[in-house]
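The listed protein sequences derive, respectively, from chains A and B.
Using my numbering, the first residue of the first sequence is number 1, and each one after it goes up by one.
Using my numbering, the first residue of the second sequence is number 1001, and each one after it goes up by one.
The beta-carbon is built from N, C-alpha and C at its ideal position, and this holds for glycine as well.
All figures in this text were calculated on a predicted structure; none of them were measured in a lab.
Encoded as structure tokens, the structure appears first; notes follow it.
There are 2 protein chains.
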Amino acid sequence: MPKKIDLMVESCRRLLRKGAKGHLENLLSKLHPADIAAVLGRLNRQERDAIFAMLPPETAAKALVDMDSLLQTKLMEDMPTKELAEVLSHLPADEAVGLVDNLPEEKKEEILPLIEGREGVSRLMLYEEETAGRIMTTDYLALPEELTVEEAIERVRESKEKEVFYIYVVDSRNHLVGVLSLRQLILADPNTKLKEVMNPEVISVRADMDQEEVARIVARYDILAVPVVDEGNHLIGMVTVDDVINIIQDEATEDIYKMVGASEEELWEASTLKIAGYRLPWLAFTIVGEMLSGLVLKHYHNTIATMVSVSFFVPLIMALSGAVGNQTQTIIVRAMATGRMEGMAWKILRRQLSVGALMGLAAGTLACVMVMVVQHNHLLGISVGVSLLISMSISAVIGVVVPTMAKKMGVDPALTVPSIATLNDIMGTLIYLSLATYLLTTLPQ
Amino acid sequence: MPKKIDLMVESCRRLLRKGAKGHLENLLSKLHPADIAAVLGRLNRQERDAIFAMLPPETAAKALVDMDSLLQTKLMEDMPTKELAEVLSHLPADEAVGLVDNLPEEKKEEILPLIEGREGVSRLMLYEEETAGRIMTTDYLALPEELTVEEAIERVRESKEKEVFYIYVVDSRNHLVGVLSLRQLILADPNTKLKEVMNPEVISVRADMDQEEVARIVARYDILAVPVVDEGNHLIGMVTVDDVINIIQDEATEDIYKMVGASEEELWEASTLKIAGYRLPWLAFTIVGEMLSGLVLKHYHNTIATMVSVSFFVPLIMALSGAVGNQTQTIIVRAMATGRMEGMAWKILRRQLSVGALMGLAAGTLACVMVMVVQHNHLLGISVGVSLLISMSISAVIGVVVPTMAKKMGVDPALTVPSIATLNDIMGTLIYLSLATYLLTTLPQ
């Protein structure tokens, strides 16, 4: 519905220009918070702040949750700490903590004391960021197993939770023992006990489980929410499918950013200088690495001086071995992120290696022929062709081995992608120039 | 729960070796279909086929749906068409069509006539692949607006739909007029009519809407399912959140593959030769492109012959301008895919351009100093530094402009990423060598 949003943006702008505050408030009160969030995203800072200030705190809070994280952070940073705390107080603890977790450290430290008093918040803060315990909602419905279905339906009617997906069943010591859906509850005989109608095979996650793993479980079992338990299997929360969608979306974006040497922080950052700063370590690494490629060329400067045409094919070697390495590595990293490597590692590794070698053979042959045709030099053609075969095969091996080892060592595999590109360049140049030197200048002509 | 899966894989293998069919069937009957799917993914082809053949058709069907798409296709291809049709008959129309859509063309044409007789299937086939109409389920609950709440609850009890998220309310001509959740239904006064308690602001999608857009709407409004309507606003289906999760996951993976010049088809392909074949067009393009980079070097061969050290910094120029272009383009393509560009295009463009220029300035300065120190040649240092500044800035511009134009022209922006890398190489080499030639050989020394 992008068209609908366009219209709303226009109306808001017009009313804002006219100073028609009453009409504007009336219009905003009719919009879905997610639409308000989308509208705010299209306005400039001045318009945005004016309209956001106009929203009742409850609507502002909901719109904030539905917003792009970049915009979220900007609006929260612009807001006085007290007003922000007021807005956050209208949100369930998990959503308030989620918003605060996205803030820069200083602002976070300012706001935390103001919301930590709330019961739910302090409990969530016990867990690490990006774990089930940190993102769970405590807004779930748990009922004792001894309740009858009729009593349970009465409890659902009385419960203040916004939306009930599942009813979790607990024993007298709050151990999670079963689950049933609202529809199953309606279908059941009103006089039976919950423990007789519930499904005892309940899928749950531990509070310290990484959020990506939680998302995978919700996706795998096609469930709308997963209960969160502590070490003793006591029910302490629930992660819902809308959080899971955000996790899947955000984790993919973060991985993509990391794979090109950009930082995920960049997403929430508006300052050009800071963004460039985030990319600086990788930039410096590339400069040093490519200086090493330069040293390789320098080492073989006699070859280049004797036959300038050797230098013409350095870009080809670099581009092709770099690209195969990048492909292989990217595919492996993504397979890891989506859980596709689990138990498939060897199959995927073997496949990527054969593809790399086969492409090296194809590209090597093609390039060899082209060089022979263009330069009329068979030995140069063979140097280029054989170097491509070797360096593309090695790139594929590196592209498989490095992220696999990184994961084993607890390093994020996505981070290895940009640095390996540089190493591939050094390796490709070295293989090509040493081979060309041997074939073209050392061998008796 | 990867550990749990490991244990199951071991048990299945052991029982299979012992030929303990009864025990194995007993074990499998206790597993969740999603777990069976995960176990099958870890077995070799022989074990997998043996166990899959052992499953009752209904379980086989469910496991198939929960499986990785690569494995899905393999198992279906190995199965005789008639048996496959039998298995598919145990699935709702939308899931059967989804599975068939993943098959290679020949197998698809074989199986389609066998399932097209089913009412739901022929209706889904009216719509294009990857649209709301093709992926929707017809397994939803729609009730007339004139019904009372009490009658509606009775209908929910009688309905055969597996799970009810929302109750859609329609008028006498099947127009979608409202929605309410099961919990809202339970809370309402039994004697009121649905049209009085329903929420008339129902979010719906048109049957011809692209599935990515559908996923964005479900994610934006945090809903569990979205009703699908035809041009006349008649209710014809529903897309559920579990489908949305798969779409988001798969679209991200496809984009990542395309961005490195690999094909999404590769995901479902086991043959090394075919995978290499998918990557061939991009490979050929790179070879031709880098031959052009070679021609640039050849054009300036006098410069290189006069001063071999000019060639040492070609890798640096290529790597840095290529990397900035790749970063910029990747970030823009991802922003488009996640809907972040909507209305933000200019902000994002400006930001990427300034970041590119700033990085060019930083890298150019640093490289200039390093070249001066290493080569003791100020003019060479200036050539490298200034070329980096210019080529990195241009790369950023290209990285922003090309995917934006591609999208306007209806070309998938992700596909432009690998080709632009090659163009950046040619451009970088050209800028550097022409500048170096001018400064080092043309200028009076």
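Among residues of its own chain, excluding the 5 on either side of B:K1258, which ones have a beta-carbon nearer than 6 Å to its beta-carbon?
A1414 and L1415
Mind checking if A:E95 is an interface residue toward chain B, Cβ cutoff 8 Å exclusive?
no
Any residues in the stretch 1076-1091 of chain B with a beta carbon nearer than 7 Å to a beta carbon of chain A? Which ones, in chain order?
none
With 8 Å as the threshold, decide whether the Cβ of A:R48 is near any Cβ in chain B.
no
Considering only the alpha carbon of each residue, which of B:I1348, B:D1222 and B:N1199 lies closest to A:E266?
B:I1348
For A:P315 and chain D, any beta-carbon pair shorter than 8 Å?
Among the protein chains of the structure shown, namely A and B, there is no chain D.
Report yes if the C-beta distance between A:I304 and A:V310 is below 8 Å; otherwise report no.
yes
So which residues on chain A does B:H1032 lean against when the C-beta distance must stay under 7 Å?
Y221
So with Cβ pairs under 8 Å, would you call B:D1210 a contact of chain A?
no
For the beta strand (DSSP E) containing B:L1430, name the first residue and the last one.
First-last for B:L1430: T1416 to T1437, but that is the alpha helix (DSSP H), not the beta strand (DSSP E).
Please report the straight-line C-alpha distance between B:K1407 and B:P1080, rounded to a whole angstrom.
42 Å
Leaving out the 5 sequence neighbours to the left and right, which residues in its chain are closer than 6 Å to A:N424 when beta-carbon positions are compared?
S321, G322, G325 and S395
Counting contacts by CB-CB distance shorter than 8 Å, is B:N1326 in contact with chain A?
yes
Between the C-alpha atoms of B:G1339 and A:G41, what's the straight-line distance to the nearest angstrom?
11 Å
So with CB distances below 8 Å, who are the chain B contacts of A:Y438?
Residues of chain B passing the Cβ test: none, with the nearest at roughly 19 Å.
Could you tell me whether the Cβ of B:A1276 comes closer than 8 Å to any Cβ of chain A?
yes
Short CB-CB distance (under 8 Å) between A:H301 and chain B:
yes
Pull up the DSSP beta-bridge partners for B:L1176, would you.
B:V1170
Nearest residue (CA-CA) to B:P1144, options B:K1195, B:I1153, B:Q1211 and B:E1119
B:K1195
Cβ of B:R1118 versus every heavy atom of the ligand ATP: is any distance shorter than 7 Å?
Among the components modelled here there is no ligand, and therefore nothing to report on the ligand ATP.
Put B:M1001 into one of helix, strand or coil per three-state DSSP.
The pLDDT assigned to B:M1001 is 49, lower than 50, so where the model puts this residue is not dependable, and the model offers no usable value.
At a CB distance below 7 Å, what residues from the stretch 1400-1417 of chain B approach chain A? Give them in sequence order.
none
Taking only beta-carbon positions, decide if A:F312 is within less than 8 Å of chain B.
yes
With a threshold of 7 Å on Cβ separation, who are the neighbours of B:A1421 within its own chain once the five nearest residues in sequence on each side are excluded?
G1322, G1325 and N1326
Say whether chain A places a C-beta atom closer than 8 Å to the C-beta of B:L1393.
In the sequence as displayed, the identity of residue 1393 of chain B is Ser instead of Leu. By this cut-off, B:S1393 is not an interface position.
For B:E1129, the nearest candidate out of B:L1187, B:D1210 and B:T1240 (CA to CA)
B:D1210
Tell me which residues share the same chain as B:M1001 and place their Cβ nearer than 7 Å to its Cβ, disregarding the 5 neighbours each side in the sequence.
Bear in mind that a pLDDT of 49 at B:M1001, under 50, signals an unreliable position, so the model cannot answer this.
Among residues of its own chain, excluding the 5 on either side of A:D208, which ones have a beta-carbon nearer than 6 Å to its beta-carbon?
T131
Applying the 10 Å Cβ sphere with the 16-neighbour rule, what's the burial state of A:V369?
exposed
Reduced DSSP category for A:A132 - H, G, I as helix; E, B as strand; rest coil
helix
Within its chain, find whatever has a CB closer than 6 Å to the CB of A:G364; leave out the 5 residues flanking it on each side and keep chain order.
G385, L388 and L389
Within a Cβ cutoff of 6 Å, which residues of the same chain sit near A:Q375, ignoring the five residues on either side of it in sequence?
S309
Below 8 Å, can you find three or more Cβ-Cβ pairs linking the stretch 135-144 of chain A to the stretch 236-244 of chain A?
yes
Using a Cβ-Cβ cut-off of less than 7 Å, give me the residues of the stretch 163-193 of chain A that come near chain B, in sequence order.
E163, V164, S181, L182, R183, I186 and L187
Using a Cβ-Cβ cut-off of 8 Å, state whether A:I431 counts as contacting chain B.
no
From B:M1125 to B:V1100, what does the alpha carbon distance come to, in whole angstroms?
11 Å
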